[in-house]
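Working notes for the structure below.
If you want it as structure tokens, here you go:
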């Protein structure tokens, strides 16, 4: 049978629909400015027309180095409308890193914040095929000013390009913590499923157009996927004016706009809950506070539930699966430990998705046994861009290998025990840092922690704990080790504890153990030499 082409909805049709159904309702609020759905749609068409007039066509890649604001959303939908590919970066990347992404993606255009002249210079020097540079906001970078380009473009709706199921729409770059970043190819057909799945599993029930979503994470990654679901239901998105996290502003906006849903990561949610402004503002409008990107430690989870009530939704899923692996809805979160409470689980399989736990040879293991978390289903990406080696490593017998370790219980609830790369072997025993980190965070003086394995001549590897004390709290290495004694098996006890003022995080708010290790090495605390630990 000859394969048939599978035409699907262009993702930009969600914006077309919202603008036609609710032209005068507010689509985006950013600081003191706001845009209706009709205005948002019109700006996207003007941008699409301006890009097309400069040679950008279906399949071309648009590299975007932008902070949160209306431009990044407009660029996203203009790319979709043209059938081009949206290629966002982590805005904290250095110029050389962005130049690598430009080369690797084969970008034709670069849209960059104007206050990053070094990034523009690096990209244009490394990639002569980048034929168009557009600058956003104020700054000295050379390129066509974004607003000027829109002002010169003709009025009138630009039609959404015809697309097929497997046509790329977004290159979702991995964090690159274990090597060079790889571009996961997301497609129009895949993302239509993801939007439906997010609405079904994360925010079930009718989502009225009167809902409001708050954006507190980078739109270049998970928050951008969440924004797609808001556009699909014509829900207003509110963007804080501040470039950096401001807890007081976040809680003020939640009260002012009666925010109903938001996407965040555990680190940001923790900062929100612990900010004093949470008690000063009404947040009863919140129905879904969705967190993902990393597991949330139990002590942080309990504090959030006691502060916000039963509104937490957790999902687990890598960029390659656009978050669609498991979900833990509000009714399965519990603020108190006790019989029947599933502590540590990240939930059940997402609708239409299947999880399998496999051993090193790809064989399914029984319930309760730890192995690699593998997944299949319509949310899995199309593969890595121009990287057949990575594809071969990531897929086995049709299953996508996440690189995360965990186990399914008899009712198919998934528990993550850590990254395969985080596990270390001490004296022949496999040790999963997350279990130890959960116990450490039960100490009232510990705000954050990371446990990692380091080389040891006797045991092969031993564990060390890096801890950030809570503000004003006193904590010593001996006190913490005494606290852990009896709570975990002695062979799992960290052999050293380092107290630090903060832990390094990625641009998406995750504690990154590669960065933690590098910081300890730079401070002269690794490799271990027998000295007692100290606060630095």
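In full-length UniProt numbering, the protein residues as written are 1 to 536. Positions of the beta carbon are idealized from the N, C-alpha and C atoms, including for glycine.
In this structure, residue 357 places its C-beta atom within 9 Å of the C-beta atom of residue 373. Around the Cβ of residue 140, a 10 Å sphere holds fewer than 16 other Cβ atoms; the residue is exposed. Distance from the CA atom of residue 96 to the CA atom of residue 388, rounded to whole angstroms, is 24 Å.
Within the model, the alpha-carbon separation for residue 289 versus residue 332 is close to 14 Å. Comparing alpha-carbon positions, the option among 301, 376, 248, 281 lying closest to residue 267 turns out to be 301.
For residue 441, the closest alpha carbon among the candidates 212, 506, 147, 466 is that of 466. Boundaries of the alpha helix (DSSP H) harbouring residue 481: 477-484, taken from the DSSP string. The C-alpha of residue 423 lies about 44 Å from the C-alpha of residue 7. A straight-line Cα-Cα distance of about 33 Å links residue 293 and residue 38. If one requires a minimum length of 4 residues, the alpha helix (DSSP H) runs lying completely within the region 207-287 are 222-232, 247-257, 266-274, in chain order. Within the same chain, and ignoring the five residues on either side of residue 242 in sequence, the residues whose Cβ sits closer than 8 Å to its Cβ are 249. Taking the Cα of residue 479 as reference, the smallest distance to any Cα among 383, 460, 491, 499 is reached at 499.
When 501, 263, 484 are compared, the shortest CA-CA separation from residue 494 is found for 484. When beta bridges are read from the DSSP output, residue 429 appears opposite 426. With contacts defined by Cβ atoms closer than 9 Å, residue 70 and residue 40 form a contacting pair.
In terms of CA proximity to residue 124, 107 leads the group 526, 107, 115, 261.
Judged by beta-carbon spacing, residue 132 lies within the 9 Å limit of residue 51, meaning their Cβ atoms are closer than that value.
When the Cα atoms are used, residue 475 and residue 262 turn out to be separated by approximately 34 Å. Taken through DSSP and simplified to helix, strand or coil, residue 519 comes out as helix. Secondary structure of residue 183 (DSSP, three-state): strand. If you ignore the 5 residues before and after residue 329, its C-beta comes within less than 7 Å of the C-beta of 313, all in its own chain and listed in chain order. Cβ neighbours of residue 49 within its own chain (closer than 8 Å, five residues either side excluded): 153, 154, 156, 158. Listed as beta-bridge partners of residue 65 by DSSP are 112.
Beta-carbon to beta-carbon, residue 516 and residue 528 are separated by about 15 Å, too far to satisfy the 8 Å threshold. At the C-beta level, residue 379 and residue 419 stay beyond 9 Å of one another.
In this structure, the beta-carbon distance from residue 512 to residue 236 does not fall below 9 Å. Taking every protein chain shown into account, the CB of residue 182 has 16 or more other CB atoms within 10 angstroms, so this residue is buried. Residue 501 sits in coil when the DSSP states are folded into three classes, being neither helix nor strand. In this structure, the beta-carbon distance from residue 109 to residue 134 falls below 9 Å. Within 10 angstroms of the beta-carbon of residue 353 lie 16 or more other beta-carbons, which makes it buried. In the structure shown, the three-state DSSP call for residue 361 is coil.
Contact check for residue 370 against residue 406 passes: the beta carbons are separated by less than 9 Å.
Within the same chain, 367, 368 come within 8 Å of residue 410 by CB-CB distance, once the 5 residues on both sides are set aside.
Excluding residues up to 5 positions away in sequence, 383, 384 lie with their Cβ nearer than 8 Å to the Cβ of residue 391 in the same chain. Shown here, residue 447 sits in a strand according to DSSP, grouped into three states.
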